[in-house]
Structure formats: structure tokens, C-alpha cells
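To start, the structure itself, in C-alpha cells.
There are 2 protein chains.
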Amino acid sequence: MSKININEKFSLFTKEWTPKIIAESNGQLVKIAKGSGELVWHHHENEDELFIVFKGVLTLQLRDKNIVLNAGEMYVVPKGVEHCPLAEPDTHFMMIEPANTAHTGILESEVTISADKQEWI
Amino acid sequence: MSKININEKFSLFTKEWTPKIIAESNGQLVKIAKGSGELVWHHHENEDELFIVFKGVLTLQLRDKNIVLNAGEMYVVPKGVEHCPLAEPDTHFMMIEPANTAHTGILESEVTISADKQEWI
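Sequence order for the protein chains is A and B. In this text, residue positions in the first sequence follow the numbering used here: the first is 6, and each later residue adds one. In this text, residue positions in the second sequence follow the numbering used here: the first is 6, and each later residue adds one.
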């Protein structure tokens, strides 16, 4: 593999809430996504989900609190914990999670991108 | 857990080539480290090692090429691949790897920090 320039990868797509895979390591995928507004409430039964924000503000709404992430900040949503991402316009973030993690958990909504449709860039 | 500000975590230590753990996710640890100069040649038999550079320049010397990572760039050293990190002064980087990954592989050198001595910050 070649080295990966993270900002260059962000420049390759515009569609929001559509995770793109940029690397694999130990069975986990490194994905980047853009967002604005709210996704949907969901949880992942067996997978922790690591978020790192590169631009903008990503609020991880949990049932009991909000985690407000600015650029350079990160958080791990533990498995089983319901969350609903809420992003300011043009927010860029990274997620690291096992390869089999479903985009919006067991919830299938119109915004769901199934794991087999998430593409490498 | 609370959110993690990555630069704030870097401000908490100065010792080089001494990974500090800042998060755990799916059995993998997120570590940050500072470096300058060369570590040692080593490999990890069973673990891929993900590097993301936040400041400075980290060169991952491999036996057949050099991967030169600037801030905002990343690379995955696959399991079994020999590597020797070489950093410009005051380089800051993140590593993500399974919790049981040995710092310098099977090599025990004077710079080795055993996994049970790597501390959380």
C-alpha cells in the first residue's frame, strides 16, 4: 500500500453520511465521512465505534448526554450504546470499526448504506 | 468516558518513543507517542500497526522502501513486516494496534517499553 493523505481522501467525495473506506488494519476498517444535520438513532450490538473529527463539529448525541467533538477530538461509542450523530455543515470525521459493522445498526433507514455497499477510495 | 482532545493529550508528556494509551476500542489500543531520531528495526508477528502523524515527519523505514509521513498522513504496517521508525525532532504520532502488541516486537532493546508498562494518560 501507499501512504494515505487524509485530507486528499476527503477531497474525493461530497455525499454526506456515506462512509468511504481508506484502510484496513487487524480486521477493522478506517472510514471517513462527511456530514451535516442529523443521521438516525442506532446502536451496534457488538462493536465499539471510534470517532475522530478532522473539520467542523460532530455532536454524538447519546441518550443521557451529548459529546461535542471539534477538530482534533475523539470519542469511542461503546458497543450497545444508542447514539445519533449530529454534524455542523461540512463536518469531516473518521470512524474506525470492525469490518462487519452495520452503518446504522439493526435499523434500516433510507440513509443506511449497507456494509457491502461502502466503497474504498 | 469523556471526549479526548488529542493535542491536549500530547501536552501531558515529553519522553520520546514512550507510547501513552488514550483509548481502547474493540480490543485495540489508541496510543500516542513523540519521537525524534531512530527507534530500532522490529516487526510484529501477528499485528498490523496503524500510524497517523499529527506533527512533524515520521519516516517508516521498511526493508524495500521508505514511507515518509507528514502531518495528516497515515500508513498501516502489515503484520510481519520489518520496520524502523525515524522521526524528525518533536514529531507527534498516533498508533492503533491490538492491546497485546509488543512495543518493539520480539526484540528487547534498551528503548523497549513492555506492554504492561505502557500507561494511560
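Ideal Cβ placement from N, Cα and C applies to all residues, glycine included.
For residue 38(B) and residue 95(B), the rounded distance between their alpha carbons: Residue 95(B) sits at position 90 when you count from the first residue of the second sequence. Residue 38(B) sits at position 33 when you count from the first residue of the second sequence. The alpha-carbon atoms of residue 95(B) and residue 38(B) are separated by roughly 10 Å.
As assigned by DSSP and simplified to three states, the class of residue 95(B): On the second sequence, position 90 is the one that residue 95(B) refers to. In this structure, residue 95(B) counts as strand in the three-state DSSP scheme.
Buried versus exposed, by CB contacts within 10 Å (16 or more), residue 6(B): Along the second sequence, one-based indexing puts residue 6(B) at 1. Looking at its Cβ environment, which holds fewer than 16 other Cβ atoms inside 10 Å, residue 6(B) is exposed.
Nearest candidate by alpha-carbon position, reference residue 40(A), set 47(A), 64(A), 49(A) and 30(A): Within the first sequence, numbered from 1, the residue matching residue 40(A) stands at position 35. Here the closest residue by C-alpha is 64(A).
Limits of the alpha helix (DSSP H) - the one that residue 13(B) falls within: Taking the first residue of the second sequence as position 1, residue 13(B) is located at position 8. Its alpha helix (DSSP H) spans residues 11-15.
Segment contact flag, the stretch 68-83 of chain A with the stretch 17-24 of chain B, C-beta cutoff 8 Å, min 3 pairs: no
Where residue 60(B) sits in the DSSP three-state scheme: Mapped onto the second sequence, residue 60(B) falls at position 55. Here residue 60(B) sits in strand by DSSP.
Environment of residue 104(A) [buried if 16+ CB atoms lie within 10 Å]: Position 99 of the first sequence, counting from 1, holds the residue named residue 104(A). With fewer than 16 Cβ atoms within 10 Å of its Cβ, residue 104(A) is classed as exposed.
Residues of its chain near residue 67(B), where Cβ-Cβ distance is below 8 Å and the 5 sequence neighbours each way are ignored: The residue labelled residue 67(B) in the question sits at position 62 within the second sequence. The residues are 82, 86, 87 and 88.
Span separating the alpha-carbon of residue 70(A) from that of residue 34(A): Translated into positions along the first sequence, residue 70(A) becomes position 65. Translated into positions along the first sequence, residue 34(A) becomes position 29. If I take the Cα positions, the gap works out to 27 Å.
CB of residue 25(A) within 7 Å of CB of residue 126(A), strictly: On the first sequence, position 20 is the one that residue 25(A) refers to. On the first sequence, position 121 is the one that residue 126(A) refers to. Closer than 7 Å, so yes.
Helix, strand or coil at residue 28(A) [DSSP, three-state]: Numbered from 1 along the first sequence, position 23 holds the residue referred to as residue 28(A). When secondary structure is reduced to three states using DSSP, residue 28(A) falls in the strand class.
Start and end residues, beta strand (DSSP E) containing residue 74(B): Within the second sequence, the letter at position 69 stands for residue 74(B). Segment 71-75, the beta strand (DSSP E) holding residue 74(B).
Per-residue DSSP class, three states only, for residue 38(B): Counting from one through the second sequence, the residue named residue 38(B) turns up at place 33. Strand, per DSSP.
Within chain A, the residues that residue 28(B) reaches when beta carbons sit closer than 9 Å: As a working note, residue 28(B) is residue 23 in the second sequence. Under the 9 Å cutoff, chain A gives 55, 79, 80 and 81.
Where residue 127(B) falls, given that 16 or more other Cβ within 10 Å makes a residue buried: For chain B, the structure presents residues 6 to 126; residue 127(B) sits outside this window and is missing.
Contact list for residue 8(A) against chain B, beta-carbon separation under 8 Å: Here residue 8(A) refers to the residue found at position 3 when the first sequence is read from its first residue. Ordered by position in chain B, the residues that pass the 8 Å Cβ test against residue 8(A) are 72, 73, 74, 78, 79 and 80.
Paired residues, beta bridge with residue 88(A) - DSSP: Translated into the one-based positions of the first sequence, residue 88(A) becomes position 83. DSSP, once it has assigned bridges, lists 47(A) and 67(A) as partnering residue 88(A).
Partner residues on chain B for residue 101(A), Cβ-Cβ distance less than 9 Å: Within the first sequence, numbered from 1, the residue matching residue 101(A) stands at position 96. Within 9 Å Cβ-Cβ: 30, 31, 33, 35, 55 and 101.
C-beta atoms of residue 84(A) and residue 108(A) nearer than 7 Å: Working through the first sequence from its first residue, we reach residue 84(A) at position 79. Working through the first sequence from its first residue, we reach residue 108(A) at position 103. Judged by their CB atoms, residue 84(A) and residue 108(A) are not nearer to each other than the 7 Å cut-off.
Reference residue 53(B); option with closest CA among 91(B), 102(B) and 113(B): Position 48 of the second sequence, counted from the first residue, corresponds to residue 53(B). Of the candidates 91(B), 102(B) and 113(B), the one whose C-alpha sits nearest the C-alpha of residue 53(B) is 102(B).
Best match in 12(B), 92(B) and 10(B) for proximity to residue 44(B) [C-alpha to C-alpha]: By 1-based counting over the second sequence, the position of residue 44(B) is 39. Here the closest residue by C-alpha is 92(B).
Extent of the continuous beta strand (DSSP E) run through residue 82(B): Translated into positions along the second sequence, residue 82(B) becomes position 77. That run of the beta strand (DSSP E) goes 78-82.
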